[in-house]
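**Student:** Handing you a structure now.
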Amino acid sequence: MGASYPPPSQGDFLIRDFRFASGESLPELRMHYRTFGTPRADARGVVRNAVLILHGTGGSGASLVRAEFAGELFGAGQPLDAARYFVVLPDDIGHGKSSKPSDGLHARFPHYGYRDMVQAEFRLLTQGLHVNHARLVMGTSMGGMHTWLWGEQHPQFMDTLMPLASLPTQVSGRNRVWRRLIIDAIRND
Numbered sequence: 012m013g014a015s016y017p018p019p020s021q022g023d024f025l026i027r028d029f030r031f032a033s034g035e036s037l038p039e040l041r042m043h044y045r046t047f048g049t050p051r052a053d054a055r056g057v058v059r060n061a062v063l064i065l066h067g068t069g070g071s072g073a074s075l076v077r078a079e080f081a082g083e084l085f086g087a088g089q090p091l092d093a094a095r096y097f098v099v100l101p102d103d104i105g106h107g108k109s110s111k112p113s114d115g116l117h118a119r120f121p122h123y124g125y126r127d128m129v130q131a132e133f134r135l136l137t138q139g140l141h142v143n144h145a146r147l148v149m150g151t152s153m154g155g156m157h158t159w160l161w162g163e164q165h166p167q168f169m170d171t172l173m174p175l176a177s178l179p180t181q182v183s184g185r186n187r188v189w190r191r192l193i194i195d196a197i198r199n200d
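Just so we're aligned, residue 12 is where the sequence shown starts under the numbering used here, counting upward by one.
Given below as structure tokens:
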């Protein structure tokens with residue numbers, strides 16, 4: 012299933028004194044990431060081949076490094092060929108190897124939302140990986156919601172947005188009820 016693709020490089024970027032929309036802060040916020048390829052800049056120093064791909068709720072960048080996804084996109088001659096593009100797969104706040112409540116702060120971990128996650132993604136790209144422009148920002152489900160927010164918060168940063176399995180509106184219907192049940196169960200435990 013799928014073509015072969017190169018192994019990703021992995022790393023962590025520590026964002027110092029990260030301030031959340033809630034007003035809370037952390038002295039260090041760890042953003043774990045995986046990359047394929049190499050960033051390439053034009054004569055003016057603008058990176059022209061960066062692609063940011065954002066995972067869904069409960070996932071991580073690791074969930075995108077499997078034959079069904081990476082094997083269809085990152086191999087030679089494929090749409091996001093790692094020889095041509097610099098692909099970045101971050102683990103968002105609360106996911107994978109990035110900072111999360113279960114690291115030790117538990118309920119004292121700052122309250123965070125999509126806007127905080129997008130700000131951390133932006134700082135990872137610009138400060139951690141020195142990417143000053145993205146060719147594409149895409150994501151699925153929660154990552155798709157982040158993609159919409161990238162368009163709102165950083166409209167000049169990328170050429171194209173590709174939100175998948177998401178709408179630019181608040182969660183509603185059965186999905187909202189399901190999330191409310193989970194939140195209430197945790198808060199009332």
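C-beta atoms are modelled at their ideal positions from N, C-alpha and C, and glycine is treated no differently. What you are looking at is a predicted structure, and each value in this text was computed from that prediction instead of being measured.
Quick one: what does DSSP say residue 158 is sitting in, helix, strand or coil?
**Tutor:** In the sequence shown, residue 158 corresponds to position 147, counting from 1. Residue state, collapsed to three classes: helix.
**Student:** Give me, in chain order, the residues of the same chain whose beta-carbon lies closer than 8 Å to that of residue 125; leave out the 5 immediate sequence neighbours on both sides.
**Tutor:** Here the question's residue 125 lines up with position 114 in the sequence shown. These residues qualify, in order along the chain: 153, 156, 157 and 160.
**Student:** Just verifying my parser: in three-state terms, what is the DSSP assignment at residue 20?
**Tutor:** For this step, residue 20 is matched to residue 9 along the sequence shown. Three-state result, residue 20: strand.
**Student:** Taking 8 Å as the limit between beta carbons, can you name the residues of its chain near residue 35, skipping five residues before and five after?
**Tutor:** The sequence position of residue 35 within the sequence shown is 24, counting from 1. Correct list, in chain order: 121 and 122.
**Student:** With a Cβ-Cβ cutoff of 8 Å, do residue 102 and residue 72 count as a contact?
**Tutor:** The sequence position of residue 102 within the sequence shown is 91, counting from 1. The sequence position of residue 72 within the sequence shown is 61, counting from 1. Against a cut-off of 8 Å, the Cβ pair of residue 72 and residue 102 comes out as a contact.
**Student:** How is the beta strand (DSSP E) around residue 190 delimited, first residue to last?
**Tutor:** One-based indexing of the sequence shown puts residue 190 at position 179. Segment 184–198 is the alpha helix (DSSP H) holding residue 190; no beta strand (DSSP E) there.
**Student:** Quick one: any contact between the region 53–70 and the region 24–32, if contact means 3 or more CB pairs under 8 Å?
**Tutor:** Judged by Cβ distances under 8 Å, the region 53–70 makes no contact with the region 24–32, as fewer than three pairs qualify.
**Student:** Out of 18, 129, 185 and 184, which one is the CA nearest neighbour of residue 2?
**Tutor:** Any property of residue 2 remains undetermined from this structure, which presents the chain solely from 12 to 200.
**Student:** Quick one: give me the first and last residue of the alpha helix (DSSP H) that residue 241 is part of.
**Tutor:** The requested residue 241 is not part of the displayed model; the chain covers only 12 to 200.
**Student:** Alpha carbon to alpha carbon, how far is residue 90 from residue 148?
**Tutor:** In the sequence shown, residue 90 corresponds to position 79, counting from 1. In the sequence shown, residue 148 corresponds to position 137, counting from 1. Distance between the alpha carbons of residue 90 and residue 148: 14 Å.
**Student:** Exposed or buried, what is residue 110 when buried is set at 16 or more other beta-carbons lying within 10 Å of its beta-carbon?
**Tutor:** What you label residue 110 is simply residue 99 of the sequence shown in a count that begins at 1. Buried, because 16 or more other Cβ atoms sit within 10 Å of the Cβ of residue 110.
**Student:** Below 8 Å between beta carbons: does that hold for residue 74 and residue 46?
**Tutor:** As a working note, residue 74 is residue 63 in the sequence shown. As a working note, residue 46 is residue 35 in the sequence shown. No, Cβ-Cβ distance for residue 74 and residue 46 is not below 8 Å.
**Student:** If you follow the beta strand (DSSP E) that residue 150 is part of, which residue opens it and which one closes it?
**Tutor:** By 1-based counting over the sequence shown, the position of residue 150 is 139. Its beta strand (DSSP E) spans residues 145–151.
**Student:** Would you call the region 172–186 and the region 94–101 touching, i.e. three or more CB-CB distances under 8 Å?
**Tutor:** Too few Cβ pairs lie closer than 8 Å, so no.
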